[in-house]
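Here's the structure, in structure tokens; my notes come after.
As structure tokens, this is what we get:
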């Protein structure tokens, strides 16, 4: 605080003799002012100079700085207490914007800072400290620094603002360690509401306050807003800033003729803090119109309070209607499904026939989010079909939930056969032969086939002959074409 102490000494020297209330003195520079080396006004014409103003007690109350064209550059003002001690010094631009302020002693913010820093009572008088506040071009304070009596800083408050000058972040930092002891974060909603979250030096949230667009604090805050999806229950998360003697949640219909439904708040959910509440569908709102939700209550002091509105709530307690289509025999499952409403999730459940499937445990094949959108489209192979690994007979169920979480009645197809292995076609006889008219080829099939063809290579070329005869398992004879 060297400058501050020198300033006081200089002022004491200058003002040893009382002056008139209108006492004005002119100086070439600040050194002359501190040395009480005043000059006549004519000597400072057409050059940069300072003008000092004094009160009846001879105390310096204002300093004005002018350039050569007599334009005001800066202005400093001084205020004193009843004992004549300097209490406040302010620095202004020539346009009248405050730039810097120094306050001696402990003001309200300094007391709060010391309280957070040391945990002592905020009313404690603690030494001859002072505070310097710096302002931006628009006159908003952006930095406040707290000093010990010896001029060493012990704390700082810094403000960060949005482009439209609203607070964004306030940080209280201990100096010289640069330890953040308090932090306030401001969050703004599109409706003009805003909230302030306060964090301690450990980073823990210690307080949150909510305000509407008019700056009025909201005692009840809904933490989870609604959406346009139907629900079979509403999970409300909210916070209270005050204790309620009574509280309630109201569902108000936006359309239709449904009646308003009121849910009372349980006793345990009426105290300050964050709470959760599950509202089951009421018979009068099931599968009905769209609702809005408002929380209200009466504080223990008798004040009525109300939350902001949560809109877009629609109850749906009915499950979707499902239908499944699946080939009866396949190497990879090609499926198609149909539903009367969008699905949030769905899965195929493969129930094995224990007589034909090794292992015998069910397989669960979830459908991907993209596949859920393919309702009423062409057949497709599920991306998770690799989860089906054992051949045999199955009963297949389609299970699905709608957007509200209601489980639909399962659709099933039974039986279907999963056959991932290719058939075996074997030439039984002859191993080699001379082709004679009406010769037959003896072959066997390991299982029923959709198509069978023989590929015969001769000196005249390669010939492919599909077999029109039976394609069932067993041994068969095929008459060789006479053209071979």
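In the numbering used here, the protein residues as written are 1397 to 1880.
Every residue, glycine too, gets a C-beta built ideally from N, C-alpha and C.
For the beta strand (DSSP E) holding residue 1872, just list the boundary residues, first then last. 1870-1875
Using C-beta distances below 8 Å, list every residue in its chain close to residue 1543, excluding the 5 sequence neighbours before and after it, in chain order. 1397, 1525, 1526, 1527, 1528, 1549, 1550
DSSP three-state call for residue 1504: helix, strand or coil? helix
Assign residue 1597 to one of three DSSP states: helix, strand, or coil. coil
Spatial neighbours of residue 1467 within its chain, please: CB distance less than 7 Å, with the 5 preceding and 5 following residues excluded, ordered by chain position. 1490
State the DSSP-derived secondary structure class of residue 1583, mapped to helix, strand or coil. strand
Going by DSSP, what residues sit across from residue 1631 in a beta bridge? 1674
Identity of the residues DSSP links to residue 1881 by a beta bridge: The requested residue 1881 does not occur in the structure, where the chain is confined to residues 1397 to 1880.
Taking only three categories from DSSP, how would you classify residue 1727? coil
Cβ-Cβ separation, residue 1509 to residue 1568 (assumed contact under 8 Å), whole Å: 6 Å
Taking C-alpha atoms, which residue in 1606, 1663, 1631, 1664 lies nearest to residue 1637? 1606
Specify the secondary structure class of residue 1509 as computed by DSSP and reduced to three states. helix
Nearest candidate by alpha-carbon position, reference residue 1576, set 1746, 1592, 1564, 1554: 1554
Can you tell me whether residue 1853 is buried or exposed? The criterion is at least 16 other CB atoms within 10 Å of its CB, across all chains shown. exposed
With a CB to CB cut of under 6 Å and the five nearest residues on each side skipped, what residues in its chain are close to residue 1496? 1487, 1530
DSSP-derived helix/strand/coil call for residue 1665: helix
Are the beta-carbon atoms belonging to residue 1837 and residue 1867 less than 8 Å from one another? no
Excluding the 5 residues flanking residue 1719 on each side, which residues of the same chain have their C-beta closer than 6 Å to its C-beta? 1734, 1807
Terminal residues of the alpha helix (DSSP H) in which residue 1429 lies: 1426-1430
Count the other CB atoms, across all protein chains shown, that sit within 10 Å of the CB of residue 1810; report buried if there are 16 or more and exposed otherwise. exposed
Whole-Å CB distance - residue 1862 paired with residue 1844, under 8 Å assumed: In fact, because the Cβ distance is near 16 Å, the residues do not count as touching under 8 Å.
Find the nearest neighbour of residue 1583 within the set 1565, 1786, 1795, judged by alpha-carbon distance. 1565
Three-way DSSP call (helix, strand, coil) for residue 1696 in this model: coil
Residue 1691 and residue 1645 closer than 8 Å at C-beta: yes
Does the stretch 1750-1757 come close enough to the stretch 1774-1783 to have 3 or more Cβ pairs within less than 8 Å? no
For residue 1846, which of 1670, 1776, 1799, 1727 has the nearest alpha-carbon? 1727
Contact under 8 Å by Cβ, residue 1609 with residue 1589: yes
Burial state of residue 1485, where buried means 16 or more other Cβ atoms lie within 10 Å: buried
Could you give the distance in angstroms between the alpha-carbon of residue 1475 and the alpha-carbon of residue 1443? 29 Å
Which partner residues of residue 1648 appear in the DSSP bridge assignment? 1688
Residue from 1641, 1729, 1493 with nearest C-alpha to residue 1699: 1641
Using DSSP bridges, identify the partner residues of residue 1536. Bridge partners of residue 1536: none, in fact.
Give every residue of the same chain whose Cβ lies closer than 7 Å to the Cβ of residue 1772, excluding the five residues on either side of it in the sequence, and list them in chain order. 1734
Within the continuous beta strand (DSSP E) that includes residue 1568, where are the two ends? 1563-1570
DSSP has residue 1754 in a bridge; who is on the other side? None, per the DSSP bridge assignment.
Under a three-way DSSP split, which group does residue 1556 fall into? strand
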